[in-house]
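Numbering (my numbering), first residue to last: 31 to 370.
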């Protein structure tokens with residue numbers, strides 16, 4: 031094929047435009063339905079019991095938008111477009127954000143382990159090893175005072191076991207109050223007085239740090255997770271159900287495909303998560319029969335209410351079940367008739 035200037039220049043322009051549309055990164059982030067993976071390959075209890083059905087971990091796909099992806103997402107239902115500076119907190123890099131997400135996944139796995147082993151009356155030993163600073167947010171009071179890796183020893187001379195205890199203590203304060211923070215850094219004790227401020231755009235107050243509780247959890251029988259690069263805390267409920275199902279002889283799935291979502295704490299309480307509509311769609315596309323959604327004790331616009339609305343929009347036969355606790359989900363499955 032021969033080219034001349036009259037055909038070559040338009041061809042080059044078209045190639046440049048096409049390359050721009052498919053590869054240029056806009057300052058926006060797109061969230062869309064992800065997958066609904068069976069948990070059997072991800073969670074393995076040593077000598078655990080098999081089930082006829084499966085528990086499913088449901089995910090959301092996300093990524094920085096190209097122009098063509100932005101245009102497509104703007105006309106597609108259940109695809110959200112957000113400015114990228116609203117996705118990644120100010121002062122935290124994308125790498126730090128994803129590392130924090132992986133850390134939250136590890137914490138979720140630990141909480142689900144505690145809930146499931148205690149519910150199944152299996153051996154579990156928990157040793158608390160301290161609260162650590164994961165990251166420090168720029169332009170917040172802790173900047174230049176605390177560092178990632180600091181072990182928090184005392185808050186106002188109080189010794190706290192968990193990050194939840196610390197957050198609860200700080201929540202009793204007001205913006206402008208000061209707290210004294212004693213940390214261990216590189217083998218030395220340091221004490222800083224830090225003023226509390228509101229987080230940008232939020233009513234929540236703090237000093238601007240992300241925390242993690244270092245626990246040493248030993249269980250018998252042994253347990254192993256292989257979740258790869260999946261991050262965030264929202265798989266907690268389904269992890270706990272899968273672990274319990276493998277620990278107990280009775281088949282909790284009864285031959286059904288069980289999906290759901292919800293952060294879980296060490297007491298088995300199920301908390302709100304983001305993107306519930308996308309997770310309902312992902313579970314439906316996988317052919318799941320049941321979907322557990324955080325009920326938030328009946329709050330307006332709860333995850334459960336949004337999940338029901340989404341299920342109606344897509345015309346799924348999947349049963350949407352409201353849960354506030356691990357026990358709610360467990361009770362529903364135990365009463366469910368066999369699907370075989």
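Quick reminder that beta carbons are idealized off the backbone N, C-alpha and C, glycines included. As the structure is a prediction and not an experimental result, all values here were calculated from the model.
Excluding the five sequence neighbours on either side, which residues of its own chain have a C-beta within less than 6 Å of the C-beta of residue i, listed in chain order?
i           : result
residue 126 : 165
residue 160 : 181, 244
residue 228 : 205, 235
residue 316 : 66
residue 186 : 209, 210
residue 340 : 307, 310
residue 132 : 261
residue 289 : 66, 86, 88, 313, 318, 321
In whole angstroms, what is the alpha-carbon distance linking residue i and residue j?
i           : j           : result
residue 263 : residue 353 : 16 Å
residue 325 : residue 313 : 18 Å
residue 144 : residue 345 : 37 Å
residue 149 : residue 258 : 26 Å
residue 192 : residue 59  : 33 Å
residue 146 : residue 95  : 39 Å
residue 123 : residue 174 : 17 Å
residue 64  : residue 91  : 5 Å
residue 70  : residue 308 : 22 Å
residue 177 : residue 204 : 23 Å
residue 40  : residue 103 : 29 Å
residue 170 : residue 233 : 14 Å
residue 360 : residue 78  : 18 Å
residue 46  : residue 93  : 22 Å
residue 293 : residue 190 : 23 Å
residue 210 : residue 226 : 11 Å
residue 221 : residue 296 : 30 Å
residue 301 : residue 367 : 27 Å
residue 278 : residue 207 : 49 Å
residue 377 : residue 43  : This structure does not reach residue 377, given that the chain is present from 31 up to 370, and the question cannot be answered.
residue 154 : residue 223 : 38 Å
residue 199 : residue 284 : 43 Å
residue 116 : residue 331 : 21 Å
residue 168 : residue 337 : 36 Å
residue 347 : residue 98  : 33 Å
residue 118 : residue 351 : 32 Å
residue 333 : residue 349 : 14 Å
residue 128 : residue 188 : 31 Å
residue 137 : residue 335 : 27 Å
residue 303 : residue 80  : 29 Å
Counting only the same chain and skipping the five closest in sequence on each side, list residues whose C-beta sits under 7 Å from that of residue i.
i           : result
residue 255 : 72, 73, 139
residue 130 : 164, 165, 240
residue 355 : 298, 299, 300
residue 327 : 354
residue 113 : 57, 58
residue 357 : 298
residue 142 : 266, 269, 270, 273, 294
residue 184 : 212
Determine the burial state of residue i: buried for a count of at least 16 other Cβ atoms within 10 Å of its Cβ, exposed for fewer.
i           : result
residue 321 : buried
residue 54  : exposed
residue 291 : buried
residue 67  : buried
residue 82  : exposed
residue 280 : exposed
residue 196 : buried
residue 158 : exposed
residue 201 : exposed
residue 265 : buried
residue 323 : buried
residue 62  : buried
residue 48  : exposed
residue 329 : exposed
Contact check, residue i vs residue j under 8 Å by CB: the rounded distance?
i           : j           : result
residue 172 : residue 237 : 4 Å
residue 152 : residue 250 : 7 Å
residue 318 : residue 287 : 4 Å
residue 134 : residue 261 : 7 Å
residue 156 : residue 213 : About 23 Å; that fails the 8 Å criterion.
residue 282 : residue 363 : 5 Å
residue 75  : residue 311 : Wrong, their Cβ atoms sit about 30 Å apart, outside the cutoff.
Excluding the five sequence neighbours on either side, which residues of its own chain have a C-beta within less than 8 Å of the C-beta of residue i, listed in chain order?
i           : result
residue 100 : 56, 58, 60, 111
residue 343 : 107
residue 179 : 162, 163, 215
Measuring only from the beta carbon, is residue i closer than 6 Å to any heavy atom that is part of the ligand SAH?
i           : result
residue 348 : For the structure depicted, the ligand SAH is absent and the ligand set is empty, with no information on it obtainable.
Q. Can we say the region 268-275 touches the region 76-87, given the rule of at least three CB pairs closer than 8 Å?
A. yes
Q.
Any contact between the region 214-222 and the region 98-116? By contact I mean 3 or more CB pairs, one from each, below 8 Å.
A. no
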